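Novice: Following this message is one structure expressed as structure tokens.
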Amino acid sequence: MRPAGPPDQPGRIVVLTGAGLSAESGIPTFRDGDGLWERHRIEDVATPEAFDRDPALVLRFYDMRRAAAATARPNPAHAALARLSHHPGVTLITQNIDTLLDRAGARDVIHMHGRIDSALCAACGHRWTAPAAMATSDPCPACGRPATRPDIVWFGEMPYHMDRIEQALAGAQLFAAIGTSGQVYPAAGFVDLARSVGARTVELNLVPTDDARDRFDDSIAGPAGETVPAWVDGLIGPA
Ligand code: APR
181 MRPAGPPDQP GRIVVLTGAG LSAESGIPTF RDGDGLWERH RIEDVATPEA FDRDPALVLR
241 FYDMRRAAAA TARPNPAHAA LARLSHHPGV TLITQNIDTL LDRAGARDVI HMHGRIDSAL
301 CAACGHRWTA PAAMATSDPC PACGRPATRP DIVWFGEMPY HMDRIEQALA GAQLFAAIGT
361 SGQVYPAAGF VDLARSVGAR TVELNLVPTD DARDRFDDSI AGPAGETVPA WVDGLIGPA
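In structure tokens:
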């Protein structure tokens, strides 16, 4: 056993969240029965090649997701992780673009796959608040060129903030993967990096993922809105 430490000293904790965290806020996951990738093909809407081929279709897809995220509300799992994020030594990484952790009050969330409320200039790298409906002809507020795209990491692109993430994982004593299927790398490999430095690892998921028994020391099954607040209370005490 490598305990995370007593409740008042949780140690260095790295938390990775996925779409399951926001499921109870009404935002569909990707790979569950009614998931987004059941209704849209990744290669049509979530690659640089798709954007080159049919930018209007890709932008409509993200406009729709932006509208859904804007009306969604953080659930108790977001609120619990927000509370945890204010403790020293906690790094909160999300694959989710919905910004619900931020809206729950979380500190310093690492958005490794980008954020839906942000626009990015493909020409100069400037970022600004995304409009409700985005067009590639929108001029960049900084350089004026019409090279607007969602500030989202597509398949085939490098996730953001990898240096910071690897640094946090190298010092992790406890690693938690919450509501993620563990199918998309590099995020899916974070548990292995954490284990390689001796961190204890835990998965919180609606149902344990297929190889959870091999990859995680502990597995907590159930809806995030129930399991995450209880897990956080166990780490740092009740609110
Ligand atoms: N509570 C906890 N876990 C849940 C809940 C819930 N209420 N509902 C679903 N889950 C779990 C599912 O069991 C599944 O393992 O959440 C996971 C969601 O998995 P995916 O849909 O694959 O989402 P995620 O792992 O975040 O996807 C990773 O893939 O398409 C890309 O860029 C996209 O960031 C995304 C990445």
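Take the sequence shown: its letters are residues 181 to 419, numbered as in my numbering. Built from N, CA and C at the ideal position, the CB exists for glycine as well. None of the values given here were measured: they were computed from a predicted structure.
(1) Going by C-alpha distance, which of Thr197, His291 and Leu354 is nearest Asp164?
(2) Using DSSP with H/G/I as helix, E/B as strand and the rest coil, what is Phe231?
(3) When we look at the beta-carbon of Tyr365 and count the other beta-carbons within 10 Å, is it buried (16 or more) or exposed?
(4) Taking Val194 as part of the beta strand (DSSP E), name the residues at either end of that continuous run.
(5) Where the beta carbon is closer than 6 angstroms to any heavy atom of the ligand APR, which residues qualify, in chain order?
(6) Please give the ranges of any beta strand (DSSP E) in the region 326-362, keeping only runs that are unbroken, at least 3 residues long and fully inside the region.
(7) Once you ignore the five residues that flank Leu239 on each side, which residues in its own chain have a CB closer than 6 angstroms to its CB?
(8) To the nearest angstrom, report how far apart Pro418 and Gly369 are at their CA atoms.
(9) Are the region 214-221 and the region 264-278 touching by the rule of at least three beta carbon pairs closer than 8 angstroms?
(10) Run through the DSSP bridge pairs and tell me what Gly294 is partnered with.
(11) Could you tell me the alpha carbon to alpha carbon distance between Met181 and Thr381, rounded to whole angstroms?
(12) With three or more beta-carbon pairs closer than 8 angstroms as the criterion, would you say the region 398-408 touches the region 319-332?
(13) What whole-angstrom Cβ distance do Ala379 and Phe396 have, given they're in contact under 8 angstroms?
(14) Is it true that the CB of Ala374 sits closer than 7 angstroms to the CB of Ala352?
Specialist: With the structure as the only source:
(1) Outside the displayed span of the chain (181 to 419) sits residue 164, for which this structure offers no information.
(2) The residue given as residue 231 occupies position 51 in the sequence shown. Phe231 falls in the helix class under three-state DSSP.
(3) Against the sequence shown, residue 365 aligns to sequence position 185. Sixteen is the threshold: since fewer than 16 other Cβ atoms of the shown chains lie within 10 Å of the Cβ of Tyr365, the residue is exposed.
(4) The sequence position of residue 194 within the sequence shown is 14, counting from 1. Where Val194 is concerned, the enclosing beta strand (DSSP E) stretches over Ile193 to Thr197.
(5) Residues close to the ligand APR by the beta carbon criterion (under 6 angstroms to any non-hydrogen atom) are, from first to last along the chain, Gly198, Ala199, Gly200, Ala203, Glu204, Thr209, Phe210, Arg211, Asp212, Gly215, Gln275, His293, Gly359, Thr360, Ser361, Gln363, Val364, Asn385, Leu386, Val387, Thr389, Pro403 and Ala404.
(6) Secondary structure within the region 326-362: the beta strand (DSSP E) runs of 3 or more consecutive residues, fully enclosed, are 328-332 and 354-358 (chain order).
(7) Along the sequence shown, one-based indexing puts residue 239 at 59. Cβ within range, chain order: Met314.
(8) Stepping through the sequence shown from its first residue, residue 418 is reached at position 238. Stepping through the sequence shown from its first residue, residue 369 is reached at position 189. One alpha carbon belongs to Pro418, the other to Gly369, and they sit about 31 angstroms apart.
(9) The region 214-221 is not in contact with the region 264-278.
(10) Locating residue 294 in the sequence shown gives position 114, where the first residue counts as 1. DSSP lists Ile332 as the bridge partner or partners of Gly294.
(11) Residue mapping note: residue 181 aligns to position 1 of the sequence shown, counting from 1. Residue mapping note: residue 381 aligns to position 201 of the sequence shown, counting from 1. Any reading at Met181 must be qualified, since the residue scores a pLDDT of 39, below 50, and its modelled position is unreliable; the value itself is stated next. Straight-line Cα distance between these residues: approximately 11 angstroms.
(12) Verdict: no, contact absent.
(13) Position 199 of the sequence shown, counted from the first residue, corresponds to residue 379. Position 216 of the sequence shown, counted from the first residue, corresponds to residue 396. In fact, because the Cβ distance is near 11 angstroms, the residues do not count as touching under 8 angstroms.
(14) Position 172 of the sequence shown, counting from 1, holds the residue named residue 352. Position 194 of the sequence shown, counting from 1, holds the residue named residue 374. Yes, the Cβ-Cβ distance between Ala352 and Ala374 is below 7 angstroms.
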